[in-house]
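Protein chains in written order, with the numbering used here: chain Z, 1 to 457; chain W, 1001 to 1457. Structure record follows, encoded as structure tokens.
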């Protein structure tokens, strides 16, 4: 497909296997080498690429930094991997209106610092924030620890420039009349349109904060504490958990002495005006004092806070050393059902004889259940599959969702119909067809199956 | 259609012209008498009605209290008017989780008092809150003065039970995987599905509040004040305006002495913790002291506050006495463009020699532009049409939207394509077709034209 390659400058076209391999994977176990990697620099180029792709029926798989946990950016053989790494500029920034417009390749952490200079901040903070891009954040409606108080990416997108599957360029904003197309595009994982500019709402940096770290005897006790805070009407900014094995793993990674008898740690952070933080802190301390936690620490200076946060932030690198393969499930249940979910995870680990590390955004009822394994061990991988299946069934039976914040992608598409039912599935498919009648945009993601016929690039 | 009538009990079927007339209109100038009025009491009945309607191709127009300003609930000749007045129960209420589930016929004001007993409140507060229903609020994604701080109805809907156009029943929640069908349904004006149960998020009643009323020499000066507050980063809970003619009209209605030299009034209300309110109030007073307002009052006791609010709340009844017909436009522009919009409204009133009363949620950039006229005066109505046309064009040219909070309905469907463009229109139509392939659900609303063929009930 010479025509496709001619649209971007030569530096924007990767044809060698070595180059293409770099765009073949994300943070899951899935991978597939694309036919070509195109790295456009303008909306017009994206439009040109999609016009040709639509005519030829070539598949186009948009991608940010490839940090996703659902395989949403995995390309297919012969497809175009459309990378936004060169569309990484802040297009406009109005501190007065607390708004900015960015290209999809801007890295989340870069934006945080950029707007921080004007005492503003962008709440969604996925753990991969120093790598992941805003295009990917919008495509997945990513969250992060602060989602508890601030909501996820979808709550901050005010407008999008979109290239439709036939190459036509259009815009949608939160004030656009008619059906809410903006909300439909956010979280659509690149299956409905390709985003080339993003309008974002920003918020003022909170005046004050306080961080707590509380040690409990078990994960179940910690989840009871979360339910108690919630029933007291206390909504912190952050409410994170890690279970005993995760804690041990992080302590070892950081060469820290292990805390004896601790089965789970809760991180609680409150932010707001000084008075708010004071009042909330007192209420949290009061709630803690009535519960069976072993001890707690609090941090209100930046350095103490960093000392506590290093534990939470080290989870991913620490876990990476445990086993060659990490199957990261992302289940979410109503907060009041957390103790049941935690009990079920424990039982599954025993039943299937698997090493499971659990941590995550427990304040949202959202736990990341990490099964540590090795894809080369076929017998164990079968037990892993059975465990995941049971975990998702349990989650749904508790009124939960199979994806708290990681999206559906290819990793969970086969479970989606159990969650949304037959009418929901039919509507999702019809919406996909309306936006992408030729089926060229990130096919086989969210909605199975992968279409069969496809020309190679 | 005997089969349709048999689904609900006899008290739920209105066949006489007298009864049907009561369901023929809303708060616009549109009206049309439906073929039958059905008043179901259960989701199953709604499902039964839609199954038959889908088979027979009969149009079904859902309606709440008929307080809408876009004609979204106007039935057509021969259609079923589906009224939810008997589905008016609170299905569940969990103060601990700050959630409730209601039937669509529950009146907004009733819910406010119901949850208020537990110190909770439901932020969306359209002026018609003592009459309008939550089903209608969700269908239109209604707002109200508090939207400035709290957002509109869409920000509070957590789940919906929906009857699809073929009669099948399904549910969708904010955590459902796949595309955001929940956001698509909220604000879809009954054209995509019929809502039979609504999950809502509630918030704690604010601890403290303070209300300001500031008198300015002109509406333009008041809109400059709004832009100033916004640029100072001050976000009140309420920021409402009324222009000189509206103020005079309300003063007369309330038998109050008229305030000399006043061209516009701003209502500003701040809520939050006591400290927050104190700090915000001081900042507002400081901003006011630098501006050219004539004077301002503030109210921090309930009775003083009521005394100020009575002016704002009397706008609708006061205006009703001015002229037989009120054309209520609902335009919204970015706050920084407000002075331009205000200037344009003034120029249009002079150009078309029309009485225009302007008030509304100026903090959101959302003004209600009321043209007072008489539909029987054909010559004047032509000038009104030209004025509306120009007003909407101006709004779009200022980067605004033709509907701030009233929806599109039949009133604005002919202008929608100018706002969303050809790709947007095609997608809106395709989405409508996906949800309602037979075109029986509230046809001709949002999207023109009204389909031609239709069997009568």
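Backbone N, C-alpha and C define an ideal beta-carbon position, used for all residues, glycine too.
Please list the residues of the region 417-430 of chain Z that have a C-beta atom closer than 7 Å to any C-beta atom in chain W, keeping them in chain order. Taking 7 Å as the upper bound on Cβ-Cβ separation, chain W lies near residues 419, 420, 421, 423, 424, 427, 428 and 430 of the region 417-430 of chain Z.
Could you tell me whether any non-hydrogen atom of the ligand ATP is closer than 7 Å to the CB of residue 43 of chain Z? The model depicted lacks the ligand ATP and carries no ligand whatsoever.
Alpha carbon to alpha carbon, how far is residue 26 of chain Z from residue 136 of chain Z? Give it in angstroms, no decimals. Here residue 136 of chain Z refers to the residue found at position 136 of the first chain. Here residue 26 of chain Z refers to the residue found at position 26 of the first chain. Spanning the two alpha carbons is a distance of roughly 12 Å.
Below 8 Å between beta carbons: does that hold for residue 54 of chain Z and residue 440 of chain Z? Position 54 of the first chain, counted from the first residue, corresponds to residue 54 of chain Z. Position 440 of the first chain, counted from the first residue, corresponds to residue 440 of chain Z. Judged by their CB atoms, residue 54 of chain Z and residue 440 of chain Z are nearer to each other than the 8 Å cut-off.
Own chain residues within Cβ distance below 7 Å of residue 340 of chain Z, not counting five before or after: Here residue 340 of chain Z refers to the residue found at position 340 of the first chain. Closer than 7 Å at the Cβ level, and outside the excluded window around residue 340 of chain Z, lie 398.
C-beta contact flag for residue 1323 of chain W and residue 1358 of chain W at 8 Å: Position 323 of the second chain, counted from the first residue, corresponds to residue 1323 of chain W. Position 358 of the second chain, counted from the first residue, corresponds to residue 1358 of chain W. Taking the C-beta atoms as reference points, residue 1358 of chain W is found no nearer than 8 Å to residue 1323 of chain W.
Beta carbon of residue 1017 of chain W, beta carbon of residue 1038 of chain W: below 8 Å? Your numbering for residue 1017 of chain W matches position 17 in the second chain. Your numbering for residue 1038 of chain W matches position 38 in the second chain. Taking a C-beta distance under 8 Å as the contact criterion, residue 1017 of chain W and residue 1038 of chain W do not qualify as a contact pair.
For a contact meaning CB atoms closer than 9 Å, what does residue 446 of chain Z contact in chain W? To locate residue 446 of chain Z, count along the first chain from 1; it is residue 446. 1177, 1178 and 1179, listed in chain order.
Would you mind reading off the limits of the alpha helix (DSSP H) that contains residue 1390 of chain W? On the second chain, position 390 is the one that residue 1390 of chain W refers to. Unbroken alpha helix (DSSP H) run through residue 1390 of chain W: 1378-1397.
Buried or exposed (CB count within 10 angstroms, at least 16 for buried), residue 1255 of chain W: Mapped onto the second chain, residue 1255 of chain W falls at position 255. Residue 1255 of chain W counts as exposed, since fewer than 16 other beta carbons sit within 10 angstroms of its beta carbon.
Would you check if the region 434-448 of chain Z and the region 50-67 of chain Z touch, i.e. whether three or more CB-CB distances between them fall below 8 Å? Enough Cβ pairs lie closer than 8 Å, so yes.
For residue 1172 of chain W, which residues in chain Z fall below 7 Å Cβ to Cβ? By 1-based counting over the second chain, the position of residue 1172 of chain W is 172. In chain order: 424.
Is it the case that the region 247-254 of chain Z contacts the region 273-293 of chain Z, given that we only count it when at least three CB pairs across the two stretches are under 8 Å? Result no; under three Cβ-Cβ pairs closer than 8 Å.
Stretch-stretch touch, CB-based, cutoff 8 Å, three pairs: the region 1209-1224 of chain W with the region 1262-1281 of chain W: Judged by Cβ distances under 8 Å, the region 1209-1224 of chain W makes contact with the region 1262-1281 of chain W, as three or more pairs qualify.
Name the two residues that bound the continuous alpha helix (DSSP H) containing residue 332 of chain Z. Looking up residue 332 of chain Z in the first chain gives position 332. Looking at the DSSP string, residue 332 of chain Z is not in any alpha helix (DSSP H); the run it does join, the beta strand (DSSP E), is 325-332.
Can you look up residue 441 of chain Z in the DSSP assignment and give me helix, strand or coil? Sequence index remark: in the first chain, residue 441 of chain Z carries index 441 (1-based). In this structure, residue 441 of chain Z counts as strand in the three-state DSSP scheme.
Which residues does DSSP pair with residue 1222 of chain W in a beta bridge? Counting from one through the second chain, the residue named residue 1222 of chain W turns up at place 222. According to DSSP, residue 1222 of chain W bridges with nothing at all.
Which residues in chain W have a C-beta closer than 8 Å to the C-beta of residue 69 of chain Z? List them in chain order. Counted from its first residue, the first chain places residue 69 of chain Z at position 69. Simply none; closest approach about 14 Å.
Within chain Z, partners of residue 1093 of chain W - CB distance below 9 Å: Stepping through the second chain from its first residue, residue 1093 of chain W is reached at position 93. Neighbours of residue 1093 of chain W on chain Z: none; closest Cβ ~15 Å, over 9 Å.
Round the Cβ separation of residue 338 of chain Z and residue 362 of chain Z to the nearest angstrom and send it over; I've been treating them as touching at under 8 Å. Against the first chain, residue 338 of chain Z aligns to sequence position 338. Against the first chain, residue 362 of chain Z aligns to sequence position 362. Their Cβ separation, rounded to whole angstroms, is 7 Å, which keeps residue 338 of chain Z and residue 362 of chain Z in contact under 8 Å.
Of the residues W:1247, W:1402 and W:1163, which one's Cα is nearest the Cα of residue 1218 of chain W? Residue 1218 of chain W sits at position 218 when you count from the first residue of the second chain. Looking at the Cα atoms, W:1247 is the closest of the given residues.
Taking the C-alpha atoms as reference points, what is the distance between residue 333 of chain Z and residue 1010 of chain W? Translated into positions along the first chain, residue 333 of chain Z becomes position 333. Translated into positions along the second chain, residue 1010 of chain W becomes position 10. Cα-Cα distance, rounded: 43 Å.
Through-space distance from residue 159 of chain Z to residue 182 of chain Z, alpha-carbon basis: Working through the first chain from its first residue, we reach residue 182 of chain Z at position 182. Working through the first chain from its first residue, we reach residue 159 of chain Z at position 159. C-alpha separation (whole angstroms): 7 Å.
Using a 10 Å radius around the Cβ and a threshold of 16 neighbouring Cβ atoms, would you call residue 380 of chain Z buried or exposed? Numbered from its first residue, the first chain carries residue 380 of chain Z at position 380. Of the residues assessed, residue 380 of chain Z falls on the buried side of the cut-off, its CB having 16 or more other CB atoms within 10 angstroms.
Taking residue 188 of chain Z as the query, report the chain W residues whose CB atoms sit under 7 Å from its CB, ordered along the chain. As a working mapping, residue 188 of chain Z is identified with position 188 in the first chain. The contacting residues are 1179.
Does the pairing of the region 1195-1206 of chain W with the region 212-232 of chain Z give three or more beta-carbon distances under 8 Å? With a cut-off of 8 Å, the region 212-232 of chain Z and the region 1195-1206 of chain W do not count as touching, because too few Cβ pairs lie within range.
Please tell me whether residue 1184 of chain W has its Cβ less than 8 Å away from any Cβ of chain Z. Looking up residue 1184 of chain W in the second chain gives position 184. Yes, residue 1184 of chain W counts as interfacial toward chain Z.
Taking buried to mean at least 16 other C-beta atoms within 10 Å of its own C-beta, is residue 1140 of chain W buried or exposed? Mapped onto the second chain, residue 1140 of chain W falls at position 140. Burial call: buried.
Could you give the first and the last residue of the continuous alpha helix (DSSP H) run that contains residue 1208 of chain W? Numbered from 1 along the second chain, position 208 holds the residue referred to as residue 1208 of chain W. Note, residue 1208 of chain W: premise wrong, no alpha helix (DSSP H); beta strand (DSSP E) at 1208-1216.
Examine chain Z for any beta-carbon lying closer than 8 Å to the beta-carbon of residue 1409 of chain W, and answer yes or no. By one-based count along the second chain, residue 1409 of chain W stands at place 409. No, residue 1409 of chain W lies away from the interface with chain Z (no Cβ there is under 8 Å from its Cβ).
Could you list which residues in chain Z have their beta carbon closer than 9 Å to that of residue 1123 of chain W, in chain order? For the purposes of this step, residue 1123 of chain W is identified with residue 123 of the second chain, where counting begins at 1. Those within 9 Å of residue 1123 of chain W in chain Z number zero; the least Cβ separation is about 15 Å.
Assumed close pair residue 1436 of chain W, residue 1192 of chain W - CB separation to whole angstroms, cut-off 8 Å: Reading the second chain from its first residue, position 436 is the one you call residue 1436 of chain W. Reading the second chain from its first residue, position 192 is the one you call residue 1192 of chain W. 6 Å between Cβ atoms; contact.
Which chain W residues are close to residue 394 of chain Z, counting only those with a beta carbon under 7 Å from its beta carbon? One-based indexing of the first chain puts residue 394 of chain Z at position 394. Chain W residues near residue 394 of chain Z: none, gap ~15 Å exceeds 7 Å.
Kindly list the residues whose CB is nearer than 8 Å to the CB of residue 1021 of chain W, restricted to its own chain and excluding five residues on each side of it in sequence; keep chain order. By 1-based counting over the second chain, the position of residue 1021 of chain W is 21. Cβ neighbours of residue 1021 of chain W beyond the five flanking positions: 1033.
The beta strand (DSSP E) that contains residue 1240 of chain W, what's its start and end? Counted from its first residue, the second chain places residue 1240 of chain W at position 240. Bounds of the beta strand (DSSP E) holding residue 1240 of chain W are 1238-1243.
Return the chain-ordered ranges of every beta strand (DSSP E) run that is complete within the region 1043-1091 of chain W and spans a minimum of 3 residues. The beta strand (DSSP E) runs lying completely inside the region 1043-1091 of chain W and spanning 3 residues or more are 1060-1063 and 1080-1083, given in chain order.
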